[in-house]
């Protein structure tokens, strides 16, 4: 059955949209509440009607239910619809879907996303639904003739919200979650007319698994970090019709785009300012996580991060937080954390200085640190290469230097 088009501002009325949003939001909130696990079992959006919140289902205790209900109310402004309190009296996740839908029918002018919820200090950013719908209209114009959306991203953050909830509602497209597929399986099941929503690590994995033979008329979208030139050329050689690289942030939603390894084109919803961008409708300049280097009037390249974070798997990672966590290990005196060089990989690496009086040998310390990091850091935050030494790497003048993994 072909889905019916829904005003993007009323995205929750599209079939299955609110179920997908809620299951993604609940999963990430529980991961935040339980650093290191145990995490709840996978929540199938098709099974929310029979999924309980308690011991026989997700296994949430009363305090966790309160925290997750608060997160959902904050995200969708359910308190304005007057039904936020009903969440805690409902034992089934499906009842939360019904309560959220009823509240959104009463008030849906605003929505909130959080940035760095698991990789640093959580910050909430409120967006006007009308503004997001206007942006979605621009993306829809760039994606004519689509038949299906396949997504490799969660829908509770701003990128996923725009492209896997609002966009398919506006374009009357079915959505398939491809996160449980292997990269090879994703490639093998592509169909003409697909638009695939991913991030640079996803596209790189897809190319490695299936470097050629993709069907015609498939468009890709990527965001989270600038896409490398090799990915652009690789997907085109494999048969992708177009890859749209979106630049934006939790604070601003989408700001610009490109479909080749060049400067980004500023969306018409924004105007250039010396210190960044400003909404074309007015207001103060937007706070951006990156410095923008302008290349002409409406085109820009992405410069250094303003907040010192780095991108790992399309997720912002606060290096200061990772270092602080590693220094909490009882046998670690100090630590330095960096992003690997491109020749080394795309994850974090760490150089650790053991305590002077530590009697633990290096290999035992490595295993202990691995367990320690797994319990306290999210997957993107966990270094994948460790070196140990009595002196942290530095130059003759005492400045920090890089090291080989």
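In my numbering, the protein residues as written are 106 to 510. From the three backbone atoms N, C-alpha and C, an ideal C-beta is built for every residue, glycine too.
- No Cβ-Cβ contact shorter than 8 Å links residue 333 with residue 302.
- Scanning 379, 381, 431 for the CA closest to the CA of residue 473 turns up 431.
- If you check the CB distance, residue 319 and residue 343 come in under 8 Å.
- When Cβ pairs closer than 8 Å are counted between the two stretches, the segment 143-160 is seen not to touch the segment 258-275, the count staying below three.
- Residue 166 and residue 159 have their C-alpha atoms some 7 Å from each other.
- If one requires a minimum length of 3 residues, the beta strand (DSSP E) runs lying completely within the segment 258-319 are 280-282, 299-303, in chain order.
- Bounds of the alpha helix (DSSP H) holding residue 337 are 334-343.
- When the five nearest sequence neighbours on each side are left out, the beta carbons in the same chain lying within less than 6 Å of the beta carbon of residue 339 are those of 312, in order along the chain.
- In terms of Cβ geometry, residue 346 and residue 322 form a close pair [threshold 8 Å].
- Here residue 328 is buried, its C-beta having at least 16 other C-beta atoms within 10 Å.
- In the three-state scheme derived from DSSP, where H, G and I count as helix and E and B as strand, residue 510 is classed as coil.
- In the DSSP assignment, residue 456 falls within the beta strand (DSSP E) that extends over 453-459.
- The beta-carbon distance between residue 248 and residue 300, rounded to whole angstroms, is 6 Å. This is short enough to meet the 8 Å contact definition.
- For residue 137, the uninterrupted alpha helix (DSSP H) segment begins and ends at 122-138.
- Counting the other CB atoms within 10 Å of its CB gives residue 234 a total of 16 or more, which places it among the buried residues.
- For the pair residue 485 and residue 418, the Cα-to-Cα distance works out to about 7 Å.
- By the criterion of a C-beta distance shorter than 7 Å, residue 509 is surrounded by no residue of its chain, once the five residues flanking it on both sides are discounted.
- Sorting 278, 119, 197, 355 by C-alpha distance to the C-alpha of residue 261 places 355 at the top.
- The C-beta separation of residue 353 from residue 263 comes to about 7 Å, placing the pair in contact by the 8 Å criterion.
- Between the beta-carbon of residue 493 and that of residue 470 there is about 7 Å, and that keeps the pair under the 8 Å contact cut.
- Boundaries of the alpha helix (DSSP H) harbouring residue 211: 198-211, taken from the DSSP string.
- Of all alpha-carbon atoms in 496, 186, 207, 137, the one lying nearest the alpha-carbon of residue 123 is that of 207.
- Out of 134, 280, 200, the CA that lies nearest to the CA of residue 119 is found in 280.
- Distance between residue 397 and residue 139, taken at the CA atoms: about 36 Å.
- Beyond the five residues adjoining it in sequence on each side, residue 351 comes within less than 6 Å, by CB distance, of 328, 359, 362 in the same chain, given in chain order.
- Here residue 214 has 233, 234 as same chain residues with Cβ atoms under 7 Å from its own Cβ, once five neighbours each way along the sequence are excluded.
- Looking at 436, 441, 488, the one whose alpha-carbon comes closest to that of residue 464 is 436.
- With respect to residue 394, residue 414 sits close: the two C-beta atoms are nearer than 8 Å.
- For residue 171, the enclosing alpha helix (DSSP H) stretches over residues 167-181.
- Runs of the alpha helix (DSSP H) lying entirely within the segment 424-484 and spanning at least 4 residues, in chain order: 424-432, 467-481.
- Just so you know, the alpha carbons of residue 386 and residue 374 end up roughly 8 Å apart.
- In terms of Cα proximity to residue 218, the closest of 212, 210, 231 is 231.
- Nearest C-alpha to residue 403 among 378, 136, 169: 378.
- Taking each of 425, 406, 451 in turn and checking the Cα distance to residue 416, the smallest one comes out for 451.
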